[in-house]
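S.K.: Heads up: the sequence shown begins at 1 in UniProt numbering, then just goes up one per residue. Sharing a structure, written as structure tokens. Questions coming.
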Amino acid sequence: MIHADNIRQVLEATLKPIKIRTLPIETPCLKSSLLLSALNGAIMAYANADTDSGAIFKDDEDDTQDTDEETQNTTSQATTMNNLKMMSLLIKDKWSEDEKNPEAQTTNSCYIYDLKEKQNKDENITDQQEKVEQHQTTDGGSSLQKPTPLPTVEGNVNDKSSSIRIYTYAVEDLHACVTEIPRSDLLLLFIADNSYPYGLLVLKMKALVSAVTDLYGYKLG
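Written out as structure tokens, the structure reads:
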């Protein structure tokens, strides 16, 4: 079962810009972060950087708003939703074509993410952190404070040997990044401004895939 609150928190967290400390670079926010059906491209859940666009998980509007403002907001929400639906269908169809086309999987627009390799790296980092913490505690120092991770949809990954393909596309004046949640009927999709580097979109997508392990193997219907 997909828990709306957990998904909302994760999708909203991915909207935040990326800051690179060693360079004077800060990306813009993502325009949208979505969870789609890999079967028909239907939007299961989404979050928008534009808080006035009426995301599925947005709180109800204040009852004190006047009628004109409510009408304007409703129209804006409907337009945004229709645009997202059309774009989601286009990208889902393109993803389906590329998944069946070996040549498309060898281009610079396709990135292979080895989940087993990622798991091994995480285990090594955890072991190193524990050794440092133990050493500092023994020497009377304070323990390291671990950074706050991306919110997660918790679960167990039974098969850590999976690899996934992450695709990047140019859609009109926007950049898109899409991948399939391992062994599931679900897709993750980012939509960003065309100034957003594809490489950073892929890095953000890898982090999101690692945060939704409970959806691995999820089947619709």
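Just so you know, even glycine gets a beta-carbon here, dropped at the ideal spot from N, CA and C. Only a predicted model underlies this, so the values are computations on that prediction, with no experimental measurement involved.
Short check: CB of I43 to CB of L34, under 8 Å?
M.R.: Sequence index remark: in the sequence shown, residue 43 carries index 43 (1-based). Sequence index remark: in the sequence shown, residue 34 carries index 34 (1-based). Closer than 8 Å, so yes.
S.K.: If you drop the 5 nearest sequence neighbours on each side, which residues of the same chain put their C-beta closer than 7 Å to that of L215?
M.R.: Translated into positions along the sequence shown, residue 215 becomes position 215. Cβ within range, chain order: V153, I181, S184, L186.
S.K.: Rank L11, S163, I112, N194 by C-alpha distance to the C-alpha of L208 and give the top, closest one.
M.R.: Mapped onto the sequence shown, residue 208 falls at position 208. For L208, the nearest C-alpha among the options comes from L11.
S.K.: Can you tell me whether D50 is buried or exposed, with buried defined as 16 or more other CB within 10 angstroms of its CB?
M.R.: Start at 1 with the first residue of the sequence shown, and residue 50 comes out as number 50. Exposed.
S.K.: Out of Y196, M86, T80, which one is the CA nearest neighbour of I18?
M.R.: The residue you call residue 18 lines up with position 18 of the sequence shown. Per the Cα distances, Y196.
S.K.: Have a look at the DSSP bridge pairing and note the partners of A207.
M.R.: Residue 207 sits at position 207 when you count from the first residue of the sequence shown. Answer by DSSP bridge pairing: none, since A207 is not bridged.
S.K.: Between the alpha carbons of A78 and A176, how many angstroms are there, rounded?
M.R.: On the sequence shown, residue 78 is found 78 positions in, with the first residue counted as 1. On the sequence shown, residue 176 is found 176 positions in, with the first residue counted as 1. Cα to Cα, the separation comes out at about 21 Å.
S.K.: For K206, collect the residues of the same chain with a Cβ closer than 6 Å to its Cβ; drop the 5 residues on either side in sequence, then sort them by chain order.
M.R.: Counting from 1 along the sequence shown, the entry for residue 206 is found at position 206. Hits under 6 Å: Y113.
S.K.: With DSSP run on the structure shown, which of helix, strand or coil describes E26?
M.R.: Start at 1 with the first residue of the sequence shown, and residue 26 comes out as number 26. Strand, per DSSP.
S.K.: Identify every residue that forms a DSSP beta bridge with E172.
M.R.: On the sequence shown, position 172 is the one that residue 172 refers to. According to DSSP, E172 bridges with nothing at all.
S.K.: Can you give the beta carbon distance from Y167 to T179, rounded, assuming they're within the 8 Å contact cut?
M.R.: The residue given as residue 167 occupies position 167 in the sequence shown. The residue given as residue 179 occupies position 179 in the sequence shown. The Cβ separation is near 7 Å, so the contact holds.
S.K.: Would you kindly check if the distance between the Cβ of V171 and the Cβ of L90 is under 8 Å?
M.R.: Taking the first residue of the sequence shown as 1, we reach residue 90 at position 90. Taking the first residue of the sequence shown as 1, we reach residue 171 at position 171. Cβ atoms of L90 and V171: closer than 8 Å.
S.K.: Mapping the DSSP letters down to three states, classify N194 as helix, strand or coil.
M.R.: Here residue 194 is taken as the residue at index 194 of the sequence shown, counted from 1. N194 falls in the coil class under three-state DSSP.
S.K.: Does C110 get closer than 8 Å to chain D when you measure Cβ to Cβ?
M.R.: Considering every chain present, this structure includes no chain D. It has just one protein chain.
S.K.: Check A38 in the structure and name its three-state DSSP category.
M.R.: Position 38 of the sequence shown, counted from the first residue, corresponds to residue 38. Coil.
S.K.: Using a 10 Å radius around the Cβ and a threshold of 16 neighbouring Cβ atoms, would you call M86 buried or exposed?
M.R.: Along the sequence shown, one-based indexing puts residue 86 at 86. Classification for M86: exposed.
S.K.: Quick check on the burial criterion: 16 or more other C-beta atoms within 10 angstroms. Buried or exposed for N83?
M.R.: For the purposes of this step, residue 83 is taken as residue 83 along the sequence shown, with counting starting at 1. N83 should be labelled exposed.
S.K.: Quickly, what does DSSP pair S163 with across the bridge? List them, please.
M.R.: Here residue 163 is taken as the residue at index 163 of the sequence shown, counted from 1. Paired residues: D114.
S.K.: Determine which residues share a DSSP beta bridge with A45 and list them.
M.R.: Here residue 45 refers to the residue found at position 45 of the sequence shown. Answer by DSSP bridge pairing, in chain order: L35.
S.K.: Would you list the one or two residues that DSSP bridges to E180?
M.R.: To locate residue 180, count along the sequence shown from 1; it is residue 180. Partner(s): L187.
S.K.: Sorted by chain position, which residues of the same chain lie with C-beta nearer than 7 Å to S163's C-beta, five sequence neighbours on each side aside?
M.R.: The residue labelled residue 163 in the question sits at position 163 within the sequence shown. Within the same chain, S163 has close Cβ partners I112, Y113, D114, L115.
S.K.: So what does I20 bridge to, in DSSP terms?
M.R.: Here residue 20 corresponds to residue number 20 of the sequence shown, with the count starting at 1. Beta-bridge pairing links I20 to I25.
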